[in-house]
Amino acid sequence: MSRFAPISSSTLTPSPDYPLGHSDQVDYEFRSTAGLTEHTVRQISTFKNEPPWMLNIRLSALAEFNHMPTPKWGGDLSRIDFAKIHYYLKPSQQSVGDWDKVDSRIKKTFDKIGVPQAEREMLAGVKAQFDSEVIYSSLKSFLAKKGVIFLGMDEGLRQYPDLVRQYFGKLVPSADNKLAALNTAVWSGGSFVYIPPNTQVDLPLQAYFRINSPAAGQFERTLIIAEEGSRVHYVEGCSAPAYSDGSLHAAVVEIFVKKGATVQYTTVQNWYKNVYNLVTKRARVEEEGHMRWVDGNLGSRLTMKYPSCFLTGRKATGETLSLALAGSHQHQDTGAKMYHLAPETSSQILAKSVSFAGGRTSYRGMVQINPAAAGCRSKVVCDALILDPRSRSDTYPTNKVLNSTSTVEHEAIVSRVGEDQLFYLMSRGLTEHQSETLIVNGFLSPIIKQIPLEYAVEMNRLVDLEMEGSVG
Amino acid sequence: MTSTKIIRADRPKIYYKDFTLLHSIPGATKRLNIRAIVQNGADLHITGSIHILPQARNSDSFLDIRVLILDEKSRADIRPQLEIQTSDVKASHAATISPVDPEQIFYLQARGLNYAQAQKLIVAGFLSHA
Numbered sequence: 001m002s003r004f005a006p007i008s009s010s011t012l013t014p015s016p017d018y019p020l021g022h023s024d025q026v027d028y029e030f031r032s033t034a035g036l037t038e039h040t041v042r043q044i045s046t047f048k049n050e051p052p053w054m055l056n057i058r059l060s061a062l063a064e065f066n067h068m069p070t071p072k073w074g075g076d077l078s079r080i081d082f083a084k085i086h087y088y089l090k091p092s093q094q095s096v097g098d099w100d101k102v103d104s105r106i107k108k109t110f111d112k113i114g115v116p117q118a119e120r121e122m123l124a125g126v127k128a129q130f131d132s133e134v135i136y137s138s139l140k141s142f143l144a145k146k147g148v149i150f151l152g153m154d155e156g157l158r159q160y161p162d163l164v165r166q167y168f169g170k171l172v173p174s175a176d177n178k179l180a181a182l183n184t185a186v187w188s189g190g191s192f193v194y195i196p197p198n199t200q201v202d203l204p205l206q207a208y209f210r211i212n213s214p215a216a217g218q219f220e221r222t223l224i225i226a227e228e229g230s231r232v233h234y235v236e237g238c239s240a241p242a243y244s245d246g247s248l249h250a251a252v253v254e255i256f257v258k259k260g261a262t263v264q265y266t267t268v269q270n271w272y273k274n275v276y277n278l279v280t281k282r283a284r285v286e287e288e289g290h291m292r293w294v295d296g297n298l299g300s301r302l303t304m305k306y307p308s309c310f311l312t313g314r315k316a317t318g319e320t321l322s323l324a325l326a327g328s329h330q331h332q333d334t335g336a337k338m339y340h341l342a343p344e345t346s347s348q349i350l351a352k353s354v355s356f357a358g359g360r361t362s363y364r365g366m367v368q369i370n371p372a373a374a375g376c377r378s379k380v381v382c383d384a385l386i387l388d389p390r391s392r393s394d395t396y397p398t399n400k401v402l403n404s405t406s407t408v409e410h411e412a413i414v415s416r417v418g419e420d421q422l423f424y425l426m427s428r429g430l431t432e433h434q435s436e437t438l439i440v441n442g443f444l445s446p447i448i449k450q451i452p453l454e455y456a457v458e459m460n461r462l463v464d465l466e467m468e469g470s471v472g
Numbered sequence: 001m002t003s004t005k006i007i008r009a010d011r012p013k014i015y016y017k018d019f020t021l022l023h024s025i026p027g028a029t030k031r032l033n034i035r036a037i038v039q040n041g042a043d044l045h046i047t048g049s050i051h052i053l054p055q056a057r058n059s060d061s062f063l064d065i066r067v068l069i070l071d072e073k074s075r076a077d078i079r080p081q082l083e084i085q086t087s088d089v090k091a092s093h094a095a096t097i098s099p100v101d102p103e104q105i106f107y108l109q110a111r112g113l114n115y116a117q118a119q120k121l122i123v124a125g126f127l128s129h130a
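Which chain is which? The protein sequence lines are H and L, in order.
Residues 1 to 472 in the UniProt record's numbering are what the first sequence spells out, letter by letter.
Residues 1 to 130 in the UniProt record's numbering are what the second sequence spells out, letter by letter.
Structure, rendered in structure tokens:
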């Protein structure tokens, strides 16, 4: 890619139609009243039949939430009205094991995203989350034989309370930030994954989410425990309908990578443009463990998400590959955090972003190497494409080295699509729009290559969709 | 317009150094190279920003921050930032924080210099290489 090139104006404009922007008419068995009160939190816990210790965690998190101010850094959170959001919805559908028994209106939604084919073809297990409830859960028998647990978080708490209690909130405590406190108070759904020692799960585990009600929040909580020597790849993707009311998505993901284990967590996020996507994702990586976050941010009005790794054991490695697309009225404030707490650890952050039609992408990152973390290395690369003069790109990295034996490198480049590259492609018969799309996809390809094939295809399709003009 | 800043943080206190390359009119070219050494318990904080405003078409900006940490008690907190509000730019930055390369020290020691002499030579080269 030519880094520096003369002027060319972009032909890429956002699509006026949102193909997944349909609203499903679904009955709601229960919808909490708007606003966040102790009564709401108690209702949620009662509906789920939770043990008292979980209710206590929720209640103390609620107190912390009320105590903490809304963050003033990052994106603009001032328009979120916490009092107007409904924090719990339960559709009239009990958990089913067989896809055929799922409500047909709900099924239609997932057909559009493509769950059934994917489940039949390649995947080990599929759970579908509809609003705040996991309604479909299936686990292939060979996973069960291996001792792998892959359940909805509610189900996981019911069946394995001691295991959940051991890890829940140990990596992201409720007072970590205001949105984590909110999630801890009203969480519902999400995944619970446990991989026993020395067990490799070759097929990706995946889950889907959907916001489907005006002013509905999504507060899923995911907990992944990979015991020593194990390996797993977890994939999540989400979509939301085209509502004009504000929607809030405040998830928490905690991942424990034990000695010698390998975990990859891939996200393809395509929330519609009225959704606030404020997520805390954190992994703890022990000796010789490997953690990789692949983070694709395509939708939402504002995303604030910084997948992070705490490298607590010698020779642990952490990696974040982050992709951000910001079109009209979108702000992607994303990045990664790497904390080196043990010697000979290494980390890598690759962040690629594209802003167009007035969108704004901001990379926000932290690499910290603590005094005891001798002989560590970290490399951060941020590349940004700005396609037109209305759009904006920022980079806000922090690099803190607290010893004299480690090396941190950081580089960032902001550029636009090169005129000479466009000319090259157009002189071989492509239109200007086709050429530009090809170049943007090529720019993003180092990250898209790390995503499972069906997601990579979906992501290329989504990128094209986001950028399609009135042609076609 | 190219400039170089040398920073010697060599006393046990916190150093704050902020730099901004601001592009507010079109067509400007700016390059800033920052070279810093940190030793004797110094704590160096650098914030280097490139800020390109919407009207600053045809801007060319480059910021390079290189920091050498010379001893165990010293530390650095480096924040290179970019705020780019138009597409017609060339803008990039790089930041490196590292110790003196042990292989370079070995090379000089193998030719008869002691550690202190070797480090002094390498630091001198580092600071002059802008």
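Note that the Cβ used here is the ideal one computed from N, Cα and C, for glycine as well.
Residue environment, residue i, which counts as buried when at least 16 other CB atoms sit within 10 Å
i              : result
N198 (chain H) : exposed
Y455 (chain H) : buried
I413 (chain H) : buried
Y265 (chain H) : buried
G217 (chain H) : The predicted model places G217 (chain H) with a pLDDT of 48, which falls under 50 and marks its position as unreliable, so this point remains unresolved.
L453 (chain H) : exposed
R40 (chain L)  : The displayed chain sequence assigns Asn, not Arg, to residue 40 (chain L). N40 (chain L) should be labelled exposed.
R58 (chain H)  : buried
V134 (chain H) : Confidence at V134 (chain H) is low in this model, with a pLDDT of 44, below 50, so its placement is unreliable and no value can be given for it.
M122 (chain H) : In this prediction, M122 (chain H) has a pLDDT of 27, which is less than 50 and means its spatial position is unreliable; what the coordinates show is noted afterwards. Per the 10 Å Cβ criterion, exposed.
S3 (chain L)   : exposed
M1 (chain L)   : exposed
F209 (chain H) : Caution is warranted here: a pLDDT of 37 is assigned to F209 (chain H), below 50, making its placement in the model unreliable, and the coordinate value is therefore given only provisionally. Classification of F209 (chain H): buried, given that the 10 Å Cβ count is 16 or more.
R79 (chain H)  : exposed
W53 (chain H)  : exposed
V67 (chain L)  : buried
I84 (chain L)  : buried
S24 (chain L)  : exposed
Beta carbon of residue i nearer than 8 Å to that of residue j
i              : j              : result
P26 (chain L)  : Q55 (chain L)  : yes
D295 (chain H) : T312 (chain H) : no
G289 (chain H) : Q269 (chain H) : no
K258 (chain H) : A283 (chain H) : no
A42 (chain L)  : R11 (chain L)  : yes
L36 (chain H)  : S45 (chain H)  : no
I97 (chain L)  : V401 (chain H) : yes
A36 (chain L)  : H410 (chain H) : no
E228 (chain H) : Y167 (chain H) : no
F192 (chain H) : G156 (chain H) : yes
S61 (chain L)  : A91 (chain L)  : yes
I439 (chain H) : L323 (chain H) : no
V235 (chain H) : V263 (chain H) : no
A357 (chain H) : S391 (chain H) : yes
F310 (chain H) : Y276 (chain H) : no
S59 (chain L)  : A9 (chain L)   : no
A250 (chain H) : V279 (chain H) : yes
S404 (chain H) : D77 (chain L)  : no
V417 (chain H) : L444 (chain H) : no
Closer than 7 Å: residue i CB and nearest the ligand FMN heavy atom
i              : result
V232 (chain H) : Absence of the ligand FMN from the depicted structure is noted, as is the absence of any ligand whatsoever, leaving it without description.
Which residues, in order along the segment 66-91 of chain L, keep a beta-carbon less than 7 Å from a beta-carbon of chain H?
Listed in chain order, the positions of the segment 66-91 of chain L with a beta carbon within less than 7 Å of a beta carbon of chain H are I69, L70, D71, E72, S74, R75, A76, D77, I78, R79, P80, Q81, L82, E83, I84, Q85, T86, S87, D88, V89, K90 and A91.
Could you tell me whether the segment 39-50 of chain L touches the segment 373-384 of chain H, using the rule of 3 or more Cβ pairs below 8 Å?
The segment 373-384 of chain H and the segment 39-50 of chain L do not touch, with fewer than three beta-carbon pairs separated by less than 8 Å.
Assess, as a yes-or-no matter, whether the segment 45-63 of chain H is touched by the segment 337-351 of chain H under the definition of 3 or more beta carbon pairs within less than 8 Å.
Output reads no: the segment 45-63 of chain H does not touch the segment 337-351 of chain H.
Could you please tell me which residues of the segment 392-410 of chain H, in chain order, have their CB closer than 9 Å to any CB of chain L?
So the list reads R392, S393, D394, T395, Y396, P397, T398, N399, K400, V401, L402, N403, S404, T405, S406, T407, V408, E409 and H410, given in the order they occur along the chain.
Report the residue ranges of all alpha helix (DSSP H) runs contained in full by the segment 234-294 of chain H; include only those spanning at least 4 residues, in chain order.
List check, alpha helix (DSSP H) in window: nothing returned.
For the 8 Å Cβ check, are there 3 or more pairs between the segment 324-342 of chain H and the segment 300-310 of chain H?
Between the segment 324-342 of chain H and the segment 300-310 of chain H there are three or more inter-stretch CB-CB distances shorter than 8 Å, so the stretches are counted as touching.
Pull out every residue of the segment 87-117 of chain L whose Cβ sits closer than 7 Å to any Cβ of chain H, in chain order.
So the list reads S87, D88, V89, K90, A91, S92, H93, A94, A95, T96, I97, S98 and P99, given in the order they occur along the chain.
Interface residues of the segment 32-57 of chain L facing chain H [CB-CB below 8 Å]:
Per Cβ criterion, the list reads P54 and R57.
Determine which residues of the segment 326-348 of chain H have a Cβ less than 9 Å from any Cβ of chain L, and write them out in chain order.
Of all residues in the segment 326-348 of chain H, none has a Cβ within less than 9 Å of some Cβ in chain L.
Residues in the segment 408-427 of chain H having any Cβ partner in chain L nearer than 8 Å:
Correct list: V408, E409, H410, E411, A412, I413, V414, S415 and R416.
Name, going along the chain, the residues of the segment 373-390 of chain H whose beta-carbon falls closer than 7 Å to a beta-carbon of chain L.
The residues in question are I386, L387, D388 and P389.
Closer than 8 Å is the cut-off here; do at least three beta carbon pairs connect the segment 105-121 of chain L with the segment 420-434 of chain H?
Touching, no, given that fewer than three Cβ pairs across the two stretches are closer than 8 Å.
Just to confirm the assignment: which complete beta strand (DSSP E) runs, minimum length 3, are found wholly within the segment 395-456 of chain H?
Whole beta strand (DSSP E) segments, 3+ residues: 407-415.
To test your reading of the DSSP string, which unbroken beta strand (DSSP E) runs of 3 or more residues are found completely within the segment 146-171 of chain H?
List check, beta strand (DSSP E) in window: 149-152.
Counting only runs that start and end within the segment 59-119 of chain L, where is the beta strand (DSSP E) found for 3 or more residues in a row?
Fully enclosed beta strand (DSSP E) runs of no fewer than 3 residues occupy 59-69, 75-84 and 89-99 of the segment 59-119 of chain L, in order along the chain.
Which runs of the beta strand (DSSP E) spanning at least 3 residues fall entirely within the segment 305-384 of chain H, listed in chain order?
Qualifying beta strand (DSSP E) stretches, in chain order: 308-311, 317-326, 331-340, 346-355 and 360-369.
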